[in-house]
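Chemist: In the working numbering, the protein residues as written are 374 to 563. The structure's right below; bear with me while I get my questions together.
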Ligand code: GRF
C-alpha cells in the first residue's frame, strides 16, 4: 500500500477528486491532507472524506522539521501538491527525493514561477493572446514550477475566452488526468 499526503492551500477540489479516485483502492491510500492555513476549505473536504488533516504555519512549513516528522510518523511514501502555494524547502525535497509531484494550471515553462498561481495564471494566458493552455504535472525541485515534467494536456483558448472560461477548461483537464497520472507515477516507485 502506498501512502499519500496531499498538500493544499485553498479549496481543495483536486484533493477531493484524487481522494475519490483512490477510494477503496488496495494499492493507494490518501492518508493525510496538509494545509498551511486553518481557513483552507480543503480541511472541510478532508473531514467529509474521513481523511486525517493537519495544519502547519508557514514558518513551520519553511523550517520543514515538523512536517517531516509528521510525514514519517504517518509512513507517507509520496506527496502530491494540489493547489499548494508555498515553496517546498530543500530539506523536505531531500527527505522525499523524486517523490513530490505538483500540478500547474498552464503549459510550463510558460506562465509559471513565483506569484503565478490561481486566476493570475489564466489572466496571463488571456493577456498573452495564447491560443492554448492546459496543465503540467511535474516533479518539484527547489524552484517554483520547475523539475521533470511527467505529463501535459492542452485545451484551446478562444479569442473570446475570459480567464474564468480558461480556468474552467483547465480544471476539467485537472480532474480528468491528475489521478491517473499519480497512479502511473506510483507504479514506477519501488
Ligand atoms: C488548481 O488549478 C491547481 O492546478 C493550482 O491551483 C488550483 C487549485 O484548485 N495549482 P483546487 O484547490 O484543487 O480546487
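Even glycine gets a Cβ: it sits at the ideal position worked out from N, Cα and C.
To which residues of the same chain is residue 559 closer than 7 Å at the C-beta, ignoring the five residues directly before and after it?
Modeler: Answer for residue 559: 375, 401, 451, listed in chain order.
Chemist: Within the chosen definition, does the stretch 433 to 441 reach the stretch 484 to 497 through at least 3 CB pairs nearer than 8 Å?
Modeler: In short, these stretches do not touch, since the Cβ pair count stays below three.
Chemist: Provide the residue span of the alpha helix (DSSP H) that contains residue 418, from first to last.
Modeler: Where residue 418 is concerned, the enclosing alpha helix (DSSP H) stretches over 415 to 422.
Chemist: Given a threshold of 16 other Cβ atoms within 10 Å of its Cβ, counted over all protein chains shown, does residue 567 qualify as buried or as exposed?
Modeler: For residue 567 there is no data in the structure shown, the boundaries of the chain being 374 and 563.
Chemist: Under the DSSP definition of a beta bridge, which residues are partnered with residue 477?
Modeler: For residue 477, which the question treats as bridged, DSSP gives the partners 509.
Chemist: Please give me, in chain order, every unbroken run of the alpha helix (DSSP H) with length at least 4 that falls completely inside the stretch 424 to 456.
Modeler: Correct list: 431 to 436, 438 to 446.
Chemist: So, using beta-carbon positions, are residue 453 and residue 498 closer together than 8 Å?
Modeler: Not closer than 8 Å, so no.
Chemist: Taking the alpha-carbon of residue 472 as reference, which of 479, 481, 461 has the nearest alpha-carbon?
Modeler: Nearest option by C-alpha distance: 461.
Chemist: At a cut-off of 7 Å, would you count residue 397 as near ligand 1, judging by its Cβ distance to the nearest heavy atom?
Modeler: Result no, Cβ not under 7 Å from ligand 1.
Chemist: Find out if the Cβ-Cβ distance for the pair residue 508, residue 523 is shorter than 8 Å.
Modeler: Result no, Cβ atoms of residue 508 and residue 523 do not sit closer than 8 Å.
Chemist: If we ignore side chains and look at the alpha-carbon of each, how far apart do residue 398 and residue 448 end up?
Modeler: Each residue's alpha carbon lies about 17 Å from the other.
Chemist: So the candidates are 408, 420, 562; which of them puts its Cα closest to the Cα of residue 432?
Modeler: The shortest C-alpha separation from residue 432 is found at 408.
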